[in-house]
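With positions in the sequence shown counted from 1, the corresponding number in my numbering is that position plus 4.
Where is the CB? At the ideal position from N, CA and C, for every residue including glycine.
The next block holds one structure in the form of structure tokens; read it before the comments.
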Amino acid sequence: MISTKKFLDFLAETQPASSPPRLALLNFIKNNFDEEDPITMDVFDRFIDACLDFHHWMGHRVQLSNEIQYLIEQFNQIYHEPLDTSNFRWPQDLQIIEVCHQKDLEDLAWVFADKVSDKSEIVKVVLDGSKRALILRHLPNHAMIVHIIDRKFVLRDGVLEPLKKDHILAYDPTMDLTSKIIHKVEMGPQMVAEFRLEQGKLKGKVIRGYLFQKHLTWDGTPLTQAFQLFSYLKKTEQLFIGRDKDSYYGELKHQLELTLENFQEGDIQLHTWSQFLLEQVDLAIKNIYVQDAQLRSLAEDLSHNLKKKPSLKHEESRPFNQPPP
């Protein structure tokens, strides 16, 4: 089969910078496929689904259809293994339905869950208000796969399916994000994060806007330092992971308790560390564990101790998770 690289080389010669659909397609393929991958109509299906999530492309579906059709026709003239468009649905022919009622979203989520899961799994559907649904697939080895879908569905072959079929998080049996797959989530308006996580460090990228431009790259960034993504993940995880199993919540609570204990033993070398810890807890209470009573109570006790103890002029600063002994 013809490689994606050959199609990218072809596309680069069509002056994509002068055509928003071509530029969007070029960026999308570069950011989602390896050059060795075969170029198939599935690539264009995924591209169109991604496009139709944007108001811009919904208003320019005819232009998008014409450009894709032109590119495929030109490409097929060059190569002997043409892309078969006989069963392809062009953007202008697709109907996008935005589900309004919570019960309809839940029912459609179950339909999709039946399609992607098997009988060995325990499946649940959790609603996050009326905006999105989480399909939780508990695997026999106690790992879990989470599909995140929103209210937008596309009608294909008489069946409604999520427009965002590939937004997935996967967890190991300890409920930590696994390093075995590429996770994909919409971490903000028109911002999609695709990443792997290895020993708490990110490798991946953020794609932004209707032209699918690379906005940010992670290469070994600690997850807790990518706060927008980290905050999104933790808020999402609260829908299916209890705080007793949330490692970050447990670490914050443990550090607050440990620091308070050291203060009570008369260790006044904790001033800078305590201020930093309180900043992290304040961010967590405001953005993740909103108004959590336990964290707030511990933080207030630590703040009270800080006001009573003087800081040392030459105290060493320490990174999070490394308090003084």
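Looking at residue j and residue i, is the spacing between their C-beta atoms short of 8 Å?
| i | j | result |
| --- | --- | --- |
| Val285 | Leu260 | yes |
| Leu87 | Ile76 | yes |
| Ile100 | Met62 | yes |
| Leu15 | Glu39 | no |
| Leu173 | Val150 | yes |
| Ser7 | Ile33 | no |
| Arg160 | Arg65 | no |
Provide the residue(s) that pair with residue i in DSSP beta bridges, ordered along the chain.
| i | result |
| --- | --- |
| Lys207 | Arg200 and Asp223 |
| Gly192 | Met195 |
| His187 | Phe199 |
| Arg212 | Met195 and Gln217 |
| Asp154 | Arg136 |
| Ile149 | Arg141 and Ala174 |
| Lys119 | BP columns for Lys119 are empty, so no partner. |
Skipping 5 residues on each side, what residues in its chain have a beta carbon closer than 7 Å to that of residue i?
| i | result |
| --- | --- |
| Leu215 | Pro24, Leu27, Ala28 and Asn31 |
| Leu206 | Phe199, Trp222, Thr225, Leu227 and Ala230 |
| Ser121 | Val127 and Arg141 |
| Glu71 | Ser23, Pro25 and Arg26 |
| Leu233 | Met191 and Ala197 |
Would DSSP call residue i helix, strand or coil?
| i | result |
| --- | --- |
| Ser7 | strand |
| His142 | strand |
| Gln73 | helix |
| Lys34 | helix |
| Ser321 | The predicted position of Ser321 is uncertain, since its pLDDT is 44 and thus under 50; a value taken from the coordinates is nonetheless stated next. In the structure shown, Ser321 sits in coil (DSSP, three-state: anything other than H, G, I, E or B). |
| Lys249 | helix |
| Arg50 | helix |
| Glu85 | coil |
| Val163 | strand |
| Lys128 | strand |
| Gln19 | coil |
| Ile289 | helix |
| Glu102 | strand |
Closest by CA to residue i, which one among the options?
| i | options | result |
| --- | --- | --- |
| Asp3 | Ala54, Tyr83, Met5 and Lys9 | Past the boundaries of the shown model lies residue 3; the chain is included only from 5 to 329, so the question cannot be answered. |
| Tyr3 | Met5, Val158, Ser90 and Lys107 | There is no way to answer for residue 3, as the model of the chain reaches only from 5 to 329. |
| Thr89 | Ala297, Asp49 and Gln106 | Asp49 |
| Gly246 | Leu274, Tyr293 and Gly208 | Tyr293 |
Can you give me the Cβ contacts of residue i inside the same chain, cut-off strictly under 8 Å, excluding the 5 residues immediately before and after it?
| i | result |
| --- | --- |
| Lys168 | Asp53, Asp57, Ile152, Ile153, Asp154, Lys156 and Glu190 |
| Asp2 | The requested residue 2 does not occur in the structure, where the chain is confined to residues 5 to 329. |
| His146 | Pro177 |
| Val129 | Glu110, Ala113, Trp114, Ala117, Ala137, Leu138, Ile139 and Leu140 |
| Lys317 | Low confidence applies here, because Lys317 scores a pLDDT of 42, under 50, leaving its location unreliable; read the following figure in that light. Contacts found: none. |
With a threshold of 6 Å on Cβ separation, who are the neighbours of residue i within its own chain once the five nearest residues in sequence on each side are excluded?
| i | result |
| --- | --- |
| Asn309 | Phe267 |
| Thr41 | Inspection of the sequence shows that residue 41 is occupied by Asp rather than by Thr. Taken in chain order, the residues that qualify are Thr8. |
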